[in-house]
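> Before I ask anything, here is the structure I am working with.
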Amino acid sequence: MKVAMNLSTSGQGDGADARRWLALCVLLAGTLLPPLDFFIVNVALPAIQSDLQATPSLAQLVVSVYAAAYAVTLILGGRLGDLYGRKRMFIAGMLGFGVASALCGFAPSPGVLVAGRLLQGISAAVMAPQSLASIHAIFPAGEKSRALGMYGATFGAASVAGQLLGGLLVAADLFGLGWRTVFLINLPVIALAIPAAIAWVRDSRSEQAARLDIVGALLLAAGLLALVAPLIEGRERGWPAWCIGVLALALPLLLAFWRWEQRKERDGGTPLVPPAALASPGLRRSLAAAFFFYTLAPFFLVFAVYEQRGLGHDPLTAGLAVLPLGIGFLLGPLSSAAVARRLGAGTAAFAMGLEVVGVLAAAGLAWVDAPAWLPAPLFLIGLGQGMALPALVRLNVDHVDARWAGLAAGMVNATLQISAAVSTAIIGGLFFALSSHGAGPTAVKAAFPMALLVIAAGLALGAVLSREARAAP
């Protein structure tokens, strides 16, 4: 089903919203904060563990509970915006994120910090889909590629800024707060963004307001949690029996969710994820393309290990080594609109093709032990990733009716998060099986290109699926 930009749904009236570019600045703040708070905490984790005397498992929860909560509630967050207003949900999510950030920043114990991170993940899932859905609603078709390019560039900025800003804030020890500033830095951003959102962001929602599908929301949350939590925790904990057992529950729970949604739609109700919204073969293929697009997620993990254990670099040098990819990720979305004017819906496939070339080149250089040449393929990987993201997002959202824009945004973001967990578990597991803890540099150098070949295969499949999706109705 091609997108039908119903004007009463989009909230644009007879013309484009005059404040749309000001609104975009606010919406991008909501886009920046969720990934920034994922990356920034990775750098601050050693200081957090030392200061709060946290066990390794609790320290790991500071990262994983945020990722799990975010992935599990993204679709629900998108649907809330469709039903109750995207502006309202954006502001509510941002308020919740601010409260959670304060709770994390002033946490007296590891338990309170983990609780704050849980609330942060849920609030981020309410806030983030509204940004994408609102861009879809307030921008006319001729400006949408440019706006989505800026949306994609924001993710690149988050990946780079998170790594660098985290280290700088911890080292600066502002007001003697140490690691706490990585959370408290969110508060002034939110204090400025909320009044700006009230003033500039125009509300939009689905025409067909209805009650939230509580049973569907609970079944979906349980199914996704059963899938994501073991994948996040399993490798770190050596795949204990409880991880396998919980993972086995994921498929029955997700099947129960889908049957409930089909029944609710047949009975004339409003399901959380309407099966009619997924009737388009193009949407199903573009969501599958989004899943394989994010098989790059484990690259950052295996590259960091390769740099430190394989090449013997210190953490700072390893962090700086990934900067060419970050620069490419910043530039890619900014060039996406120009490429889209020439290639149209084929932009995502072209950009993922660039990533495949970059990943294969990096694998070849690692195999012949020529790391000095890695910045060039890293830049190409980042350029392709940054260019593909906005194109792939638009490919997904354009396959649904405007009233389901928030749902589509939530599904895209949830698909990316689930892909990150699945890819890291599988490809990261392969990498660590080939270079187990204590293995020498030679084993690590051999494992790295093997992991890259699997990543390249996933990206190539994503490119093929995105080409098929652009031609599907």
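Using this note's numbering, read the sequence shown as starting at 1 and increasing by one per residue. Cβ coordinates follow ideal geometry from the N, Cα and C atoms, glycine included.
So, under 8 Å CB-CB, Ala-153 and Leu-32 are touching, yes? Tell me the CB distance rounded to an integer number of Å.
With a Cβ gap of about 10 Å, Ala-153 and Leu-32 do not count as contacting.
> Mapping DSSP to helix, strand and coil, what is Val-3?
Residue confidence is low: Val-3 scores 33 on pLDDT, short of 50, so the model does not pin down where it sits. Its coordinate-derived value is still stated next. Coil at Val-3, not helix or strand.
> State whether the stretch 145–152 contacts the stretch 121–129, with contact taken as three or more CB pairs (one from each stretch) at a distance under 8 Å.
The stretch 145–152 makes no contact with the stretch 121–129; the number of CB pairs closer than 8 Å stays below 3.
> For Gly-410 and Arg-79, I'd like the C-alpha separation in whole angstroms.
7 Å
> Can you tell me whether DSSP reads Thr-442 as helix, strand or coil?
helix
> Report back the beta-carbon spacing between Val-72 and Ala-256 to the nearest angstrom; my notes put them in contact at under 8 Å.
At roughly 16 Å, the Cβ-Cβ gap does not stay under 8 Å, so Val-72 and Ala-256 are not in contact.
> Measuring CA to CA, which of Trp-242, Arg-309, Phe-293, Arg-285 is closest to Ser-435?
Arg-309
> Grab me the residues of Ile-40's own chain with a C-beta within less than 7 Å of its C-beta, minus the 5 sequence neighbours each way, in chain order.
Gly-162, Leu-165, Gly-166, Val-182
> Over what stretch of residues does the alpha helix (DSSP H) that includes Leu-343 continue unbroken?
For Leu-343, the enclosing alpha helix (DSSP H) starts and ends at 323–343.
> Among the candidates Leu-177, Gly-81, Gly-111, whose CA atom is the shortest distance from the CA of Ala-44?
Leu-177
> Tell me the DSSP secondary structure of Pro-140 in three-state form.
coil
> By the 10 Å Cβ neighbour count, where 16 or more other Cβ atoms means buried, how is Trp-242 classified, buried or exposed?
exposed
> What are the start and end residues of the alpha helix (DSSP H) that includes Arg-394?
375–397
> Quick check on DSSP: helix, strand or coil for Arg-117?
helix
> Nearest CA to the CA of Tyr-66: which residue from Pro-35, Lys-144, Ala-23?
Nearest option by C-alpha distance: Pro-35.
> Less than 8 Å separating the beta-carbons of Leu-325 and Gly-382?
yes
> Check whether the Cβ atoms of Ala-451 and Leu-465 lie closer than 8 Å to each other.
no
> Helix, strand or coil, according to DSSP, for Ile-185 in the structure here?
coil
> Can you tell me where the alpha helix (DSSP H) with Ser-489 in it begins and where it stops?
An answer regarding residue 489 cannot be provided, because it is not within the stretch 1 to 473 covered by the chain.
> Say whether the stretch 417–433 touches the stretch 287–307, bearing in mind that this needs 3 or more beta-carbon pairs closer than 8 Å, one atom from each stretch.
yes
> Could you round the C-beta distance between Ala-478 and Ala-199 to whole angstroms and report it? I think they count as a contact, below 8 Å.
Because residue 478 is not part of the residues shown, which for the chain are 1 to 473, the question remains open.
> Helix, strand or coil for Leu-132? Go by DSSP, reduced to three states.
Secondary structure of Leu-132 (DSSP, three-state): helix.
> Counting beta carbon pairs with one atom in the stretch 387–396 and one in the stretch 326–345, are three or more of them shorter than 8 Å?
yes
> When the Cα atoms are used, what is the spatial distance from Ala-47 to Gly-328?
30 Å
> Is it buried or exposed for Phe-175, if we count other Cβ within 10 angstroms and need 16 for buried?
exposed
> Of all the options Asp-37, Ala-147, Glu-143, Ile-138, which has the alpha carbon lying nearest to the alpha carbon of Phe-97?
Among Asp-37, Ala-147, Glu-143, Ile-138, the Cα nearest to that of Phe-97 is on Asp-37.
> Which of the three DSSP states is assigned to Pro-108 in this structure?
coil
> Distance check for Asp-203 and Pro-371, CA to CA, integer angstroms please.
Cα-Cα distance, rounded: 50 Å.
> Considering just the uninterrupted stretch of the alpha helix (DSSP H) at Glu-355, what are its terminal residues?
347–367
> Between Ala-100 and Gln-49, what straight-line distance do the alpha-carbon atoms span, to the nearest angstrom?
19 Å
> Under the three-state reduction of DSSP, which class applies to Ala-297: helix, strand or coil?
helix
> Could you check what DSSP says for Val-474 in three-state terms: helix, strand or coil?
Absent from the structure is residue 474, since the part of the chain shown begins at 1 and ends at 473.
> Residues in the same chain with beta-carbon distance under 7 Å from Val-62, minus the five sequence neighbours each way, listed in chain order, please.
Same-chain partners within the cutoff: Val-41, Leu-45, Ile-48, Leu-113, Val-114, Arg-117.
> Report the rounded CA-to-CA distance for Ala-475 versus Ala-348, giving the unit in angstroms.
An answer regarding residue 475 cannot be provided, because it is not within the stretch 1 to 473 covered by the chain.
> By Cβ distance below 7 Å, which residues in the same chain neighbour Ala-414 in space, the five residues on each side in sequence not counted?
Once the five neighbours on either side are set aside, the close Cβ partners of Ala-414 are Ala-71, Leu-74, Ile-75.
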